[in-house]
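A short worksheet on the structure shown next.
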Amino acid sequence: MNETKQTELRVRPRRTELAASKPDIEWVKTPKKHWQERLLPNLAIASALMLCAVALKTGAIPPLTDAVQSVMSAATDDSLLNGDLGKLSFVSSIFPEASLVFGESGGKLTMPVEAASVVHAWSQSEPFISWDAQTKIVTSAMAGEVIGVYHGNEDERLVQVLGADGLSCLYGNLASVTVSTGDMVQTGDPLGTLMAGQPCVMEVRQDGLSVDPAVMMRQ
Numbered sequence: 008m009n010e011t012k013q014t015e016l017r018v019r020p021r022r023t024e025l026a027a028s029k030p031d032i033e034w035v036k037t038p039k040k041h042w043q044e045r046l047l048p049n050l051a052i053a054s055a056l057m058l059c060a061v062a063l064k065t066g067a068i069p070p071l072t073d074a075v076q077s078v079m080s081a082a083t084d085d086s087l088l089n090g091d092l093g094k095l096s097f098v099s100s101i102f103p104e105a106s107l108v109f110g111e112s113g114g115k116l117t118m119p120v121e122a123a124s125v126v127h128a129w130s131q132s133e134p135f136i137s138w139d140a141q142t143k144i145v146t147s148a149m150a151g152e153v154i155g156v157y158h159g160n161e162d163e164r165l166v167q168v169l170g171a172d173g174l175s176c177l178y179g180n181l182a183s184v185t186v187s188t189g190d191m192v193q194t195g196d197p198l199g200t201l202m203a204g205q206p207c208v209m210e211v212r213q214d215g216l217s218v219d220p221a222v223m224m225r226q
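Heads up, the sequence shown is in this note's numbering, so the first residue is 8 and it goes up one at a time.
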């Protein structure tokens with residue numbers, strides 16, 4: 008009896024390799040920072056802790072928990088890495104001179120309205136400041152270019168001015184404006200008039216990051 012041998016053919020699928028082009032990436036070695044630049048963040052944190060310790064001893068910060076929260080917030084804030092300790096509200100409120108020592112932002116802005124009292128202070132959750140003013144004329148807090156005139160809620164108008172150093176100011180609650188996009192303004196130039204019964208609202212940003220306008224005002 009003839010035995011029929013059956014040969015099992017196994018077809019191995021042909022693998023197709025895709026030759027991916029080598030990405031054209033140039034790796035650039037980060038320049039090593041000078042020892043003074045590396046020392047600055049540690050010095051800023053140590054200084055913040057020392058300022059809070061002095062404030063606690065003198066009674067400038069009555070609640071201990073608030074002081075601890077301020078220190079922890081300051082120590083973990085990325086702004087310290089940029090040497091912007093003077094922008095921290097709790098430091099500037101205790102020692103206004105700290106804005107001049109640790110940061111160069113102090114004194115860049117003037118008040119946009121006269122005879123004004125603060126009705127809303129800047130905070131991380133609500134990053135704007137507002138004043139209740141006797142006069143209704145809003146002026147530019149710094150020199151720069153008008154980069155936008157916007158429509159807000161209902162009849163509100165807003166004006167945004169950009170300075171030469173990346174500092175921008177946005178003014179709100181305006182009933183009418185006297186500038187147009189592209190205009191160059193100087194410090195104190197009128198931008199518009201406030202809406203009836205509304206405070207002057209201003210938001211300040213440095214290179215796109217919100218900062219407290221109060222620590223940047225000229226004394």
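Glycine included, C-beta positions come from ideal geometry on N, C-alpha and C.
Keep in mind the model is a prediction, meaning the values are calculated, not measured.
Pairing residue 211 with residue 186 gives a Cβ-Cβ distance that is not under 8 Å.
For residue 167, the enclosing beta strand (DSSP E) starts and ends at 164-169. Its chain contains 135, 137, 179, 180 as the residues whose beta carbon lies nearer than 6 Å to that of residue 208, once the 5 sequence neighbours on both sides are disregarded; these appear in chain order. Going by C-alpha positions, residue 142 is about 19 Å away from residue 193.
Rounded to the nearest angstrom, the Cβ distance from residue 199 to residue 166 is 6 Å, consistent with a contact under 8 Å.
DSSP places residue 133 outside any beta strand (DSSP E), giving it a letter other than H or E. For residue 200, the uninterrupted beta strand (DSSP E) run begins and ends at 197-201, by DSSP.
Across the structure, residue 125 and residue 173 are spaced so that their CA atoms are roughly 25 Å apart. Secondary structure at residue 118: coil, using DSSP grouped into helix, strand and coil. About 6 Å separates the beta carbons of residue 140 and residue 122, which is inside the 8 Å limit, making them a contact pair.
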